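Below is one structure; the comments refer to it alone.
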Amino acid sequence: MSVGRATLGGRPLLVAMVAGASYGSWAAVVNHGAGLAAALRAAATQMSMSVVASFALQLLLTRLFFWARTPGRGFWLSSMGTSTLAAAVLTAGHAVNGTPHLAATLAPSLVIGTTFCFGYARALLARERATSGN
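Residue numbering for the sequence shown follows our numbering, starting at 79 and increasing by one per position.
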């Protein structure tokens, strides 16, 4: 799969599946005190949203990076845009599904996800600067 000037292969899907399984398991653990049904609902919500969000946001991040006029602007647009969108979508999804411990459920995925967005955008920036000779 080719997005912008980056060839992604199957990596975005693999990362999305690992993220979904990890964050879904965490959601079940955090919400087990509210009962089995609540824990399973939170786990299913987190897993499904994490898979879709991780996959889509990796593609969006790459698109936004190369859409900007300069690599520096691409870094900021892609890292800030994707992490803000992820926080909004995950929070809304859990609020709609009635996740009991919303902050504790979302904290790992938001912290790790935001770190990933900045790290991935930084890697794109370094690669772009290396290939352009800047």
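Even glycine gets a Cβ: it sits at the ideal position worked out from N, Cα and C.
Bear in mind the structure is a predicted one, so any value in this text is a computation, not a measurement.
Query raised in the report: Is DSSP giving ASN175 helix, strand or coil here?
Result: As a working note, residue 175 is residue 97 in the sequence shown. The answer is helix: DSSP assigns ASN175 an H, G or I state.
**Report entry** Exposed unless 16 or more other CB atoms sit within 10 angstroms - verdict on ARG89
**Finding:** For the purposes of this step, residue 89 is taken as the residue at position 11 of the sequence shown. Its Cβ having fewer than 16 others within 10 Å, ARG89 is exposed.
Query raised in the report: Which of helix, strand or coil does DSSP assign to ARG119?
Result: If you number the sequence shown from 1, residue 119 lands on position 41. Looking at ARG119 - three-state DSSP - the assignment turns out to be helix.
Query raised in the report: Using CA coordinates, which residue listed in SER187, HIS110, ARG151, GLY211 is at the minimum distance from ALA199?
Result: Reading the sequence shown from its first residue, position 121 is the one you call residue 199. Its Cα nearest to that of ALA199, the residue ARG151 stands out among SER187, HIS110, ARG151, GLY211.
Query raised in the report: Just to confirm, are ALA94 and SER132 a CB contact at a threshold of 8 Å?
Result: Here residue 94 is taken as the residue at index 16 of the sequence shown, counted from 1. Here residue 132 is taken as the residue at index 54 of the sequence shown, counted from 1. Yes, the pair counts as a contact, with Cβ atoms nearer than the cut-off.
Requested in this report: Measure the Cβ-Cβ separation of THR123 and HIS172 and say whether it is below 8 Å.
Outcome: Locating residue 123 in the sequence shown gives position 45, where the first residue counts as 1. Locating residue 172 in the sequence shown gives position 94, where the first residue counts as 1. Yes, they are a contact pair.
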